[in-house]
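These notes are about the structure you will find just below.
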Amino acid sequence: MLTIDDFPVPKLYLAPMDAQIRGLVREVVDKKIIPNRKRYDEDWFEHKLIEPVMKELMVDVGFQKAIFPLELGGLGYNSLEYRPCAGMNGVLEEIARGDSGVAVAVGVTLWPYTMCALEPAPIRDDLLKEFAPIYCDTEEPRFSALCMTEPQGGSDIENMDIMHGKTIKTTAKLEKDEWVINGHKLWPTNTGGLPGMHAVVCTTKLGSTDEKDFAIIWVPTDAKGVRHGDPYLKAGMAADKNSDVWYEDVRVPKRYRMHGPGLDAKYFRIAISWGCMGSSAFCVGILINICEILDRYFSDKIFQGRPLKEQDAVAAVLSELVSDAQIMRWAVYEYSHMIDRPDLYGYSWDPEIVAKGRALKIFATNTLVKDTEKAVDLMGKYGCDRDWDVEKQWRDGKIIQLWMGGLQLCQMETARWFYKCETL
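In this note's numbering, each number is its position in the sequence shown, counted from 1, plus 262.
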């Protein structure tokens, strides 16, 4: 039968330990996630079924401490020597093959730390030393959230080259040696009361387009003045908890700012590049799993004495999906390699790398949405039958297309760089 290993990977881009880590992840996916994933939709609020899987991945495998240095109890996955972007790409596609919502929760826990714990960004050793016990000295899952979206601004916050933070309403005011934060965030992954740390996008001056006023400030989830809403009930991705978060006169030390004036905005673009990589990796995992499901389905269904996969019309569509999955997987690894080799391609915060990440997300999400629709159509009434899980992957995959500014912001940023557009 068709498996994920049948799809090519550029092995030159991988670190020696990647295969071992992926093996651990695949065991969890095959034994724990895939047999239970159709029940996750009903577990969106309490996460009674989802929490044990998160514990296994975050604590037992160790993803919540992966990016912290070895001397702080982490796995030391913060050096370019270990090709961390290609490695994380592989992990995320493996998890997304089982459930992309679980993959999102894992990936976003590491996401804000790409700006301050991962080469080639400036390393905030003081913050890593302070935050490491939260993730490394515990037997319980701990999460991170990158809190950006607001009620009035939507994806404008991510449209840095045009808006420069102008629409941000969450404020950070410096009083002596403390930041005082007030604001309301919508939709961040790993909220709804999950324990850990938030990286909160703020402004130090309302309405400013000066990127020196764009600030990212760390806030413990249990800090006084942090108020958590209930999780949202969404079309899919039940394992990814999203909710409202209110910050009401929240006080944190001055040192909790990510880097400082001008630098927070500069290195925020790292998160955009990594977010495009992660989003595209989720698409790869989903599409490969759909190919696996279709192989089982059309091998077992017999028409005129032959498996349906032997029919020309069916085989033609199956070949298109495999072709798309193969090309998509290779493209995501190529982009991951670009992030891992700034000496060759430039830094992940450079406009060129950001634009090429946006272009990749356009291709990956558009292809996934198109191909999942093909799969549903090809299976007929079984395509929307929950027993086959294709409809779940269909619902989950569409959500990937909608975040990070959706298709439209990806299109504008891609055209803006490649075609030197000045008014988009």
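Note that the Cβ used here is the ideal one computed from N, Cα and C, for glycine as well.
Assigned exposure category for residue i - 16 Cβ within 10 Å defines buried
i: A358; result: buried
i: T265; result: exposed
i: S598; result: buried
i: P374; result: buried
i: G285; result: exposed
i: S552; result: The sequence given here places Ile at residue 552; Ser does not occur at that position. Label assigned to I552: buried.
i: P297; result: exposed
i: Y275; result: buried
i: F544; result: buried
i: R345; result: buried
i: S341; result: exposed
i: G659; result: buried
i: L260; result: Summary: the structure shown does not reach residue 260, with the chain confined to residues 263 through 686, and so no result is reported for it.
i: Q282; result: exposed
i: S542; result: buried
i: P413; result: exposed
i: T685; result: exposed
i: G522; result: exposed
i: G642; result: exposed
i: D586; result: buried
i: Y681; result: exposed
i: G454; result: buried
Proximity to residue i [Cα-Cα], best of the options
i: P314; options: P374, C538, V364 and D388; result: V364
i: K391; options: I329, D633 and P278; result: I329
i: G469; options: V488, R489, T432 and D484; result: T432
i: G324; options: I396, S362 and L640; result: I396
i: M425; options: D268, E473 and I548; result: E473
i: K447; options: T466, N504 and K438; result: N504
i: W536; options: E381, D418 and E356; result: E381
i: N444; options: R489, A394 and I555; result: R489
i: R301; options: A501, A367 and L664; result: A501
i: A461; options: P493, Q414, N421 and A533; result: A533
i: A394; options: T371, M410, L408 and Q414; result: T371
i: E691; options: G454, Q670, S541 and S581; result: The structure shown has nothing for residue 691, since the chain only spans 263 to 686.
i: W604; options: A379, G360, A383 and S362; result: Sequence check: residue 604 is Pro here, not Trp. P604 has its Cα closest to that of A383, out of A379, G360, A383 and S362.
i: W441; options: Y681, I385, I601 and V463; result: V463
i: D267; options: Q588, I661 and L686; result: Q588
i: I456; options: Y339, A407, G415 and G567; result: What sits at residue 456 in the sequence shown is Leu, not Ile. The candidate whose alpha carbon is nearest that of L456 is A407.
i: I385; options: M520, A621 and M410; result: M520
i: V507; options: T411, M600 and P523; result: T411
i: P331; options: D387, K317 and K293; result: D387
i: P278; options: A577, A617, E343 and K643; result: E343
i: G688; options: L334, A593 and K273; result: Residue 688 lies beyond the stretch modelled for the chain, which goes from 263 to 686, so this question has no answer here.
i: D633; options: M316, G454, G415 and V584; result: V584
i: A621; options: M316, R531, C672 and C409; result: C672
i: R531; options: P493, A617, G567 and E635; result: A617
i: A485; options: L495, Y518 and P493; result: Y518
Alpha carbon of residue i to alpha carbon of residue j, nearest angstrom
i: V638; j: L389; result: 47 angstroms
i: N452; j: F560; result: 37 angstroms
i: V579; j: R678; result: 34 angstroms
i: C646; j: I312; result: 23 angstroms
i: D557; j: F565; result: 15 angstroms
i: V291; j: L354; result: 11 angstroms
i: A575; j: L640; result: 10 angstroms
i: C254; j: E420; result: Any answer about residue 254 is impossible in this case: the structure gives the chain only from 263 up to 686.
i: G608; j: R648; result: 45 angstroms
i: M263; j: M666; result: 35 angstroms
i: K310; j: F405; result: 17 angstroms
i: G668; j: M422; result: 15 angstroms
i: G360; j: D418; result: 32 angstroms
i: T676; j: K563; result: 43 angstroms
i: D280; j: Y595; result: 13 angstroms
i: P450; j: M459; result: 12 angstroms
i: S362; j: K438; result: 43 angstroms
i: A674; j: K293; result: Reading off the sequence, residue 674 comes out as Met, not Ala. Whole-angstrom Cα-Cα distance: 41 angstroms.
i: Q670; j: G415; result: 15 angstroms
Contact under 7 angstroms by Cβ, residue i with residue j
i: V631; j: M590; result: no
i: K428; j: T471; result: yes
i: C538; j: G619; result: yes
i: E510; j: G487; result: yes
i: E356; j: V287; result: yes
i: I550; j: F269; result: yes
i: V368; j: L319; result: yes
i: R299; j: A497; result: no
i: T483; j: D475; result: no
i: K327; j: G336; result: yes
i: M499; j: I661; result: yes
TODO: Decide if the segment 557 to 575 is in contact with the segment 516 to 534; the criterion is three or more beta carbon pairs, one per stretch, under 8 angstroms apart.
DONE: For the pair of segments examined, the segment 557 to 575 was found not to touch the segment 516 to 534: the number of CB pairs separated by less than 8 angstroms stays below three.
TODO: Could you tell me whether the segment 394 to 409 touches the segment 341 to 351, where touching means 3 or more Cβ pairs closer than 8 angstroms?
DONE: Fewer than three Cβ pairs drawn from the segment 394 to 409 and the segment 341 to 351 lie within less than 8 angstroms of each other, which leaves the two stretches out of contact.
Task: Touching by the beta-carbon criterion (3+ pairs, under 8 angstroms), the segment 507 to 516 and the segment 477 to 487 - done: Counting Cβ pairs under 8 angstroms, three or more are found: they touch.
TODO: Decide if the segment 645 to 656 is in contact with the segment 600 to 620; the criterion is three or more beta carbon pairs, one per stretch, under 8 angstroms apart.
DONE: Contact fails between the segment 645 to 656 and the segment 600 to 620, because fewer than three Cβ pairs, one in each stretch, are under 8 angstroms apart.
Open item on the list: Contact between the segment 300 to 320 and the segment 619 to 628 is defined here as three or more beta-carbon pairs at a separation below 8 angstroms; is this criterion met?
Closed with: Short answer: they don't touch.
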